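Counting along the sequence shown from 1, when you hit position 40 you're at 40 in the UniProt record's numbering, and nothing is skipped either side.
Ideal placement from N, C-alpha and C gives every residue a C-beta, glycine not left out.
This one's a predicted model, so the numbers in the text were calculated from it and none came from an experiment.
Below is one structure, written out as structure tokens; the observations come after it.
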Amino acid sequence: MVTLLLLCVLTLSSAAQRVHNNVATIKRRLGKLLIQSISNESCYHATKDLLRLVSNRQIQIKAFGSVTIDMSLPPTCIIMFTSYTVIALQFNNVL
1 MVTLLLLCVL
11 TLSSAAQRVH
21 NNVATIKRRL
31 GKLLIQSISN
41 ESCYHATKDL
51 LRLVSNRQIQ
61 IKAFGSVTID
71 MSLPPTCIIM
81 FTSYTVIALQ
91 FNNVL
């Protein structure tokens with residue numbers, strides 16, 4: 001059960017990180033296209049608008065509307081599990 005949960009967390013984190021990396025790649029390529037399209041006025045403005053749209057609207061994968069999913073999720077899950085375990089053991093007077 002725990003292995004399945006860890007596998008799901010790692011898969012989600014990896015996919016979210018790939019989305020983040022692809023957005024960065026799109027921004028770089030749009031910047032290069034913007035430089036190359038200076039001579040064509042309509043293409044230049046369309047590329048500039050698209051680059052502005054991609055830059056202003058952050059693309060993130062979120063769970064429950066507030067938890068951002070990226071490669072920091074697995075260590076965060078481990079820290080939360082460890083903290084919860086320590087607190088639960090303290091309430092049971094084990095520690």
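Paired residues, beta bridge with residue 62 - DSSP
68
CA-CA distance, residue 19 and residue 37?
26 Å
Could you check whether residue 13 and residue 89 sit closer than 9 Å to each other, using their CB atoms as the reference points?
no
Find out if the Cβ-Cβ distance for the pair residue 53, residue 31 is shorter than 9 Å.
no
Taking residue 42 as part of the alpha helix (DSSP H), name the residues at either end of that continuous run.
41 to 56
To the nearest angstrom, how far is it from the Cα of residue 35 to the Cα of residue 56?
19 Å
Residue 28 versus 47, 41, 92, 16, residue with shortest Cα-Cα distance:
47
Between the alpha carbons of residue 40 and residue 49, how many angstroms are there, rounded?
14 Å
First through last residue of the alpha helix (DSSP H) which encompasses residue 38
Unbroken run through residue 38: none, as it is neither H nor E.
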